[in-house]
């Protein structure tokens, strides 16, 4: 049984299921394990490839400052070396940005972002995001022991994870422990926050890769008005999906709804390809 304590050979790339290839890309500071709640729902239908991103604990090292571009460059190289040149891409947060960028780079058959990053409305939103992130990182070392103790109790665990999900009490204690351990060990966080986080540039006008953005209704990390609508505008998308009752990381909040959004989009793409 897969858990957040499951280890894989380095560099970590989870693979399971069968059929057409679907690549799942996690968010910043996470690992492939963030997808565990929905893997059993996707694997009967697709061959799932879920790497831990470069620069993250378990992922390939980055030999340059850990900017979004550096992460995406190495991810593309890693996937191509595995023989993946066309796949459905699904990503959450930073992983959603990565998925959309893979459309630009020609290896995405389709690209879906779940509350994807890459769409800050303006410079002030970017500044506030970086400021908030740095404050958390500054305080974190002093509160880790207290947080780990409190996380043993479901009600307190829900409060601890409130910035990431609505129902943190559904996540096992090991999730909190794993996240704190990883964040403490990551070496590219400051580099990432120092990097250019300018909004994603529009895809080429002749882009033929089907795109889909699904926003988490209760997302307080990347708010829709600040980060969602600007991204839709940049991508030229007139509509988007909504995961009702879900926080920024929706996999524990409503795994069935997340899986349904993913499967419905991938299947619609495949139907259109046959027309």
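Numbering (UniProt numbering), first residue to last: 1 to 275.
We put the CB at the ideal spot given by N, CA and C, even for glycine.
Measure from the alpha carbon of residue 220 to the alpha carbon of each residue in 258, 175 and 162, then state which is nearest. 162
Run of the alpha helix (DSSP H) containing residue 235, from where it starts to where it stops: 229-235
Pop quiz: residue 213 and residue 68 are said to be a contact at Cβ under 8 Å. What is the actual Cβ separation, rounded to whole angstroms? So it is not a contact: roughly 17 Å between Cβ atoms.
Put residue 46 into one of helix, strand or coil per three-state DSSP. coil
Going by DSSP, what residues sit across from residue 15 in a beta bridge? 49
Identity of the residue in 244, 184 and 238 nearest residue 257 by Cα: 244
Classify residue 33: buried if its beta carbon has 16 or more other beta carbons within 10 angstroms, exposed otherwise. buried
Under 8 Å between C-beta atoms, does residue 32 make it to chain C? No chain C is present in this structure, which holds just one protein chain.
Report, in whole angstroms, the separation of the C-beta atoms of residue 119 and residue 193, which I expect to be a contact under 8 Å. The Cβ separation is near 17 Å, so there is no contact.
For residue 224 and residue 87, the rounded distance between their alpha carbons: 27 Å
DSSP bridge partner residues for residue 91 (one or two, in chain order): 25 and 113
Let me confirm a value: residue 136 is counted as buried when at least 16 other C-beta atoms fall within 10 Å, else exposed. Which label applies? exposed
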